Amino acid sequence: MALALYSAGAAADAGASDAGPPKGADAAIDAGALGSAPAHPGGGTPSDPSDAGAVDLTVDPIGSCIERIPEGKARPPMKQRVEPRGLAGYAVTLEVVIEHGKAERVFPNGFRFDLSSEELAAFERTGFALPHVDGGAGPELSREELPDGARTTVRLSFVALPTKGGRQSLVLGSVPITIARASGELMTLCTKPAALVVDPPIANTPEPVPRPNPPPRPQREVWEEAKLAALVGAIALVTGALLFALITWLRRRPKPAPPPPPPRPPWEVAMEALHDLRSRDLVAQERLDEHFDEVCLILRRYLGDRYGIGGELGDAGALESTTEEILRVLARIVPPIPVMPQVEHFLRETDLVKFAKVTPDAAACEEALHAVERIVTLTVPPRPAATPNKARAT
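One rule links them: number in the numbering used here = place in the sequence shown (from 1) + 4.
Take a look at the structure:
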């Protein structure tokens, strides 16, 4: 048909039928231009629509509305009403009252104007335009429950736009009404063509004065780009603040101390201490007891570090333990110390100097220094043997 008004579900059902209503471009008009036509100028009784010429209501000016009623189902009672007079540019309301079953729904999935290009041209030639359903003047639907069914009132608005000036007689073509049954089956009812007389808005206004355009309506819409930019900016700001706080905390956090260097081998420490003692030349200064004590301390410290006997000697350690304690611990070392006799001889000599108050001479001091050097040299662990590959490389 030229005017297809139905729900999405009705459209799907109609598409499956052999003679479904064709689809087309939506016809839309700004709802702000709509308004009920004012009372007829002069307040007189509306004249018969035939005032503007004879109108044949037996022929649909659009002529393609086809009723579809399931087999065995009686056509629901339907009444319609259209004001016989209207003004050009104002709304013309078609009111349809349908009585149907309780489980049946009129326009179950909403309203939709669907016009093909040919049908749109045919509809516009009748002198009417369709407002957009989302423009504020879409169809109105009200339901009233009855004891044995329901009554639904549908109000459809159209805009009278005659192609010629002056009084015009127009015919509003048939409009399809879709009803969904309880079983999901759809049926379509068609309204009857309705005649009305359309007058110019200023037909009975003496010396009409041009009126300015109505004030503009504020239009608000979501600026998606700005919304997205604000969201991204907020996320970036929060992320930047968190990163700044993290970097600041990492910089202010106390840095761990670098690991200490590996301990030097005890033989290197002992040889260095003996070299320093020789360079101090305590013998030449006749500080013989001090020289002898220093040599003894160097040997005791070396034995404790070299063989790890400090734990077995307790809190006293190798420096404060007696000669007998040191010798007893050294005797348990496996493999045996190769210079154990020299170590025992030197430690007992130092006991004589320390406890028997024997004063060593310069020669004894020098001999003690050389003896400790020999003990350290002979107890240095051998270097690991080179692998065959390294041996060939060298």
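Where is the CB? At the ideal position from N, CA and C, for every residue including glycine. In this text, all values refer to a predicted model and were calculated from it rather than measured experimentally.
Straight-line Cα distance separating R256 from F248: 12 Å
Distance CB(V163)-CB(A184) smaller than 8 Å: no
Extent of the continuous beta strand (DSSP E) run through G153: G153 to A164
Best match in L165, P265, F350 and L91 for proximity to T209 [C-alpha to C-alpha]: L91
Coarse secondary structure for Q223, derived from DSSP in three states: coil
Three-way DSSP call (helix, strand, coil) for E329 in this model: helix
Distance between P386 and H374 (C-alpha atoms, nearest Å): 21 Å
Reduced DSSP category for R387 - H, G, I as helix; E, B as strand; rest coil: coil
Distance, C194 Cα to A31 Cα: Residue confidence is low: A31 scores 32 on pLDDT, short of 50, so the model does not pin down where it sits. No coordinate-derived value is stated.
Reference P205; option with closest CA among G177, E228 and G169: G169
Cβ pair count under 8 Å reaching 3, the segment 279 to 292 against the segment 344 to 353: no
The segment 360 to 373 in contact with the segment 328 to 347 per 3-pair CB rule at 8 Å: no
Selected residue, minimal CA-CA separation from R378, among A274, G308, V338 and P151: A274
Limits of the unbroken beta strand (DSSP E) element including S146: E144 to L150
Helix, strand or coil at C369 [DSSP, three-state]: helix
Selected residue, minimal CA-CA separation from G105, among P112, R155, E128 and P74: R155
Three-state secondary structure (DSSP) of D203: strand
Beta bridge counterpart(s) of K83 as assigned by DSSP: V101
C-beta atoms of T383 and R310 nearer than 8 Å: yes
Burial state of P180 (16 or more Cβ within 10 Å): buried
Residues of its chain near V86, where Cβ-Cβ distance is below 8 Å and the 5 sequence neighbours each way are ignored: V96, T97, L98, E99, L176, A198 and L200
Start and end residues, beta strand (DSSP E) containing I183: P180 to A184
Closest by C-alpha distance to N113, when choosing among L292, Y306, T182 and P135: T182
Q223 burial status per 10 Å Cβ neighbour count (16 or more: buried): exposed
Start-end ranges of the alpha helix (DSSP H) lying completely within the segment 279 to 338, minimum 4 residues: 292 to 311, 314 to 317, 321 to 324 and 327 to 335
Residues of its chain near Q84, where Cβ-Cβ distance is below 8 Å and the 5 sequence neighbours each way are ignored: L98, E99, V100, V101, T195, K196 and A198
Nearest candidate by alpha-carbon position, reference E329, set V338, L307 and V343: L307
Residues bridged to V175 [DSSP beta-bridge criterion]: A199
Cut-off 6 Å between Cβ atoms - residues of its own chain near L160, not counting five sequence neighbours on either side: L98 and P143
L334 and I313 closer than 8 Å at C-beta: yes
Expected contact under 8 Å - CB spacing of E71 and T192 to nearest Å: 6 Å
Secondary structure of V110, DSSP reduced to three states: strand
Residue range of the alpha helix (DSSP H) that includes L254: E228 to R256
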